[in-house]
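As structure tokens, the structure follows; a few thoughts come after it.
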Amino acid sequence: MSDFSVLPPLPASVTKMEADAANDFYPEEYIIEHILRLSSYLIDISDKTMLFGKSDCDPYSASLYTLYERLQNKQMGPIRLPPAFLNKERLHERIYVRSDKDAAHRPLADYEDLYYALGARMQEMHQLLNLRIHSGFNMKSDAVCEGGPTIGAFYRSMVQYWHVLNDPSSAKTLDDAIREAKVDAMRNEIARQLEQDFLTQEKARYHFAELEDPIVYGDILGLKFIRDWSPPMIGAVLNQKYCAMLRLEKEEADMTARQERREVNMR
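Residue numbers (the working numbering): 17 to 283.
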């Protein structure tokens, strides 16, 4: 392969049909390990080069960097409930909730959004590198960053990770974990409404039984299969999902900063 030829396309993303047909589940810790390692690797590379543009480190944007940092900081994502169950008070409570586990030991479902962000970022990096090679700015033998891998070697490492994350068994494991997390959230919501007398015992039993129905369980959306989704499409979906939570967090941070400035000025 010529040093001046563009990089081959990334393999196709896994589909729901492929995941459903998988015979095995991968261990959750195996998938988590690869997601964490790849996230750290791509963030580190992006910080050391301008080949991919300026890194998006805005804590109020649902970027790869922000989602990775939130996991490391034990922050939670949006509540896994339909919008009808949510209000500003519930969202406000959520921004203060913290996991009692470090990133490597959190449930696999907590990695759902980082999984999508990784898919988008790898596609974006691949497109930018090919644009630079096609325009004659770089060759595949050029280093991605000082002391880093060549563009060709970086591409090959991305493909290896891509295969792991898009293996049908990985997708099947993620799909099941996300669906189960949503069911758990609904169970907790039923219990909360029962405790606060918003539901009768009879209604609560009915809703609990519904969640055990295989047909109802199968209709709950698990993993979003993002084949043919462009990086901007994935980014838009993530930002829409997080916009209310991140807006509240920014309002809280701004209010705290103003209070701290007032206290300093009063001394």
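Where a beta carbon is used, it is the ideal one built from N, C-alpha and C, also for glycine.
Runs of alpha helix (DSSP H) wholly within the region 54 to 101 (minimum 4 residues, chain order): Along the length of the region 54 to 101, whole alpha helix (DSSP H) runs at least 4 residues long occupy 80 to 88, reported in chain order.
Under a Cβ-count criterion, where at least 16 other Cβ atoms within 10 Å of its own Cβ denotes burial, should Asn-154 be classed as buried or exposed? Asn-154 counts as buried, since no fewer than 16 other beta carbons sit within 10 angstroms of its beta carbon.
Pro-94 and Met-271 - do their beta-carbons sit closer together than 8 Å? Not a contact, by the Cβ cut-off of 8 Å.
Between Ala-119 and Glu-140, what straight-line distance do the alpha-carbon atoms span, to the nearest angstrom? Counting only the Cα atoms, Glu-140 lies some 25 Å from Ala-119.
Could you tell me which residues DSSP pairs with Arg-114 in its beta bridges? DSSP lists Gln-91 as partners of Arg-114.
Helix, strand or coil: which one does DSSP assign to Thr-189? Residue state, collapsed to three classes: helix.
By the 10 Å Cβ neighbour count, where 16 or more other Cβ atoms means buried, how is Asn-89 classified, buried or exposed? With fewer than 16 Cβ atoms within 10 Å of its Cβ, Asn-89 is classed as exposed.
Is Ala-7 helix, strand or coil by DSSP? The requested residue 7 does not occur in the structure, where the chain is confined to residues 17 to 283.
Thinking just about the alpha-carbon of each residue, which of Ala-187, Ile-206, Arg-274, Gln-209 is nearest to the one in Leu-239? For the set Ala-187, Ile-206, Arg-274, Gln-209, the Cα lying nearest the Cα of Leu-239 is the one of Ala-187.
Answer with buried or exposed for Ala-193, where buried requires no fewer than 16 other C-beta atoms within 10 angstroms of its C-beta. Ala-193 is classed as buried because its beta carbon has at least 16 other beta carbons within 10 Å across all chains shown.
Work out the CA separation of Ser-185 and Ala-38 for me, nearest whole Å. In a straight line, the C-alpha of Ala-38 is about 6 Å away from that of Ser-185.
Met-66 classed as buried or exposed, judged by whether at least 16 other C-beta atoms fall within 10 angstroms: An exposed status is given to Met-66, since fewer than 16 other beta-carbon atoms sit within 10 Å of its beta-carbon.
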